[in-house]
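Read through the structure below, which is laid out as structure tokens, and then see the notes.
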Amino acid sequence: MLSATVLLTLFAFIFTIVLILWRPRGLNEAIPATFGAIVVLAGGAVTWPDLLQITETISGAAITIMATIVMAIVLESFGFFVWAAEGLAIRARGSGIRLFWYVNLICFLMTLFFNNDGSILITTPILLIMLQHLGLKNHQKIPYLLSGALVATASSAPIGVSNIVNLIALKIVHMDLYMHTMMMFVPATIGLLFLVTLLFLCFYRQLPRKIPRTVSIRGSHPLSRSLQSEPDPRYTTRFMQSILLFVFAVRLSLFGASYVHIPIEWVAVLGSLLLLGWRWVYLKMPPKDILAKIPWHILIFAFGMYVIIYGLNNIGLTEKLVSIFQPLVSGDLMSASLMMGGLLSAMSTLFNNHPALMVGTLTLTQMGLDPLTLKIAYLASVIGSDIGSLLLPIGTLASLIWMHILKQYKVKIGWKDYVKVTALVIPPTLVFTLVLLALWVAWLYPAH
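Just so it is clear: in the sequence shown, position 129 is 480 by my numbering, and no numbers are missing.
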């Protein structure tokens, strides 16, 4: 007979996941997460001392991501992303095939410099406007939009700082950002190149061979409202390049801080404050409007979800998973990579990658694995939650956000269109990347 605490916790988890995936009337995901957390807390699965532990675990990750989002919003106010999209179309030089590779490159860089959700939210509307101005039909837009969304989401795998859940999980396994990047960047980036190549082969016949050589989306999209019909002399190419160089320097400094054991959230906050100050002094634009645009609900969502997952851990879910998977994961590095990557892919596909990675990471910490096996099992979990989760649109919040944006712009990409592509490209990419991860880590640590 299940206790009331167990029943309430399971109800809170299922109810929260259903509402997050369903999102009736555009329901903000922070609302069901908050409701679920309250139910778990009231049921006794999570205690007040547990809340302090949870706050300590997620605070650094949340601050880092919020500071990154602030930087993205500042760049948006400069019209940086519109400028980048126009430059992308110019560099395609009238080739739809060349445009395909540039679209995926900009989606990769957006996630690398900011985060996956922000990449989807910012680049998707701009790409939609650009493709419309290029005169492409609906079926011709799908290769660019779908590949861009898959790459933007999967690109949070190479560096942990591009995804709030990755950062939280890093804290749980006591792994710094520098170590994560050293072990993950090469295999995950090669895996992304493999993914884009498969996508290119899938879409080759659909890609238009000729497109207009130039396109102007200035003033056509809300993100470009800060720009005038005539280019503002303050928003020069040199200025945009300086901004990009600054953001790149801040991004690199996060890894430097991690290497010398300085909290990366301090560096992220300092970088966002400097960029805000630059905007204020150079453009005479105070930060008041930026503060109003910050999506504070992300903090509430992350906290609420972790409370629910912590409750599942306290009622014994992770113990069950440990008893099943510990013998399979503890064999060798290749087994650890393939088993945890496969498990997290399945869990993410069933109930979204945010709770899946949290459950998987908590499970790993209770398996009694040696330090290197623990690390590779965790990294494989990230690959499963960032890449394997893309098999279905419900696997990630970014995919759900992307489909919602497409509906707003009346572009039809249904589940059938989505799965027809992902069923061909995601499984081989997942296995390829997991195998490459095991080989790369074994090369880095041959004595293991």
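Where a beta carbon is used, it is the ideal one built from N, C-alpha and C, also for glycine.
Residue i to residue j span [Cα, whole Å]
i: residue 790; j: residue 541; result: 13 Å
i: residue 618; j: residue 529; result: 14 Å
i: residue 371; j: residue 797; result: 43 Å
i: residue 659; j: residue 506; result: 27 Å
i: residue 417; j: residue 775; result: 35 Å
i: residue 699; j: residue 635; result: 45 Å
i: residue 624; j: residue 591; result: 18 Å
i: residue 782; j: residue 680; result: 16 Å
i: residue 640; j: residue 495; result: 32 Å
i: residue 663; j: residue 363; result: 10 Å
i: residue 433; j: residue 426; result: 10 Å
i: residue 406; j: residue 648; result: 16 Å
i: residue 704; j: residue 793; result: 27 Å
i: residue 715; j: residue 746; result: 21 Å
i: residue 760; j: residue 489; result: 11 Å
i: residue 398; j: residue 358; result: 17 Å
i: residue 611; j: residue 402; result: 29 Å
i: residue 744; j: residue 450; result: 24 Å
i: residue 389; j: residue 750; result: 27 Å
Residues of its chain near residue i, where Cβ-Cβ distance is below 6 Å and the 5 sequence neighbours each way are ignored
i: residue 366; result: none
i: residue 527; result: 609
i: residue 688; result: 727, 731, 785, 788, 789
i: residue 559; result: 447, 491
i: residue 718; result: 673, 677
i: residue 713; result: 664, 669
i: residue 631; result: 637
Closest Cα partner of residue i within the set the options
i: residue 423; options: 473, 545, 717, 643; result: 473
i: residue 535; options: 552, 523, 509; result: 509
i: residue 546; options: 636, 604, 742, 383; result: 742
i: residue 643; options: 407, 420, 596, 612; result: 420
i: residue 360; options: 391, 381, 705, 380; result: 391
i: residue 684; options: 393, 665, 663, 722; result: 722
i: residue 378; options: 630, 748, 735, 794; result: 748
i: residue 440; options: 483, 469, 676, 400; result: 483
i: residue 485; options: 443, 461, 515; result: 443
i: residue 646; options: 589, 638, 493, 469; result: 469
i: residue 516; options: 690, 697, 655; result: 655
i: residue 738; options: 595, 388, 691, 762; result: 691
i: residue 626; options: 597, 605, 607; result: 597
Beta-carbon separation (whole angstroms), residue i vs residue j, contact threshold 8 Å
i: residue 466; j: residue 513; result: 5 Å
i: residue 709; j: residue 413; result: Incorrect: roughly 14 Å between the Cβ atoms, too far for contact.
i: residue 711; j: residue 694; result: 7 Å
i: residue 409; j: residue 657; result: 6 Å
i: residue 807; j: residue 435; result: Outside the displayed range of the chain (352 to 799) lies residue 807, so it cannot be described from this structure.
i: residue 557; j: residue 457; result: Rounded, the Cβ-Cβ distance is 20 Å, inconsistent with contact.
Unbroken alpha helix (DSSP H) run spanning residue i, endpoints
i: residue 653; result: 648 to 665
i: residue 516; result: 515 to 523
i: residue 404; result: 399 to 429
i: residue 772; result: 766 to 795
i: residue 530; result: 528 to 554
i: residue 510; result: Careful: residue 510 lies outside any alpha helix (DSSP H) and carries neither H nor E.
i: residue 468; result: 467 to 484
i: residue 616; result: 615 to 634
i: residue 489; result: 489 to 505
i: residue 704; result: 704 to 715
i: residue 360; result: 355 to 373
i: residue 737; result: 722 to 737
i: residue 760; result: Note, residue 760: premise wrong, no alpha helix (DSSP H); not H, not E.
i: residue 592; result: 588 to 610
i: residue 445; result: Residue 445 -> no alpha helix (DSSP H), and no H or E assigned at all.
i: residue 674; result: 668 to 680
i: residue 640; result: 639 to 644
Same chain, Cβ closer than 7 Å to residue i, neighbours up to 5 away in sequence not counted
i: residue 415; result: 512, 518, 615, 616, 619
i: residue 753; result: 471, 475, 500
Cβ neighbours of residue i in the same chain (closer than 8 Å, five flanking residues each side left out)
i: residue 445; result: 561, 562, 563, 564
i: residue 572; result: With a pLDDT of 48 at residue 572, under the threshold of 50, the predicted position of this residue should be treated as unreliable, though the coordinate-derived value follows. The answer, listed in chain order, is 433, 476, 477, 480.
i: residue 522; result: 408, 409, 411, 412
i: residue 757; result: 475, 479, 496, 763, 764
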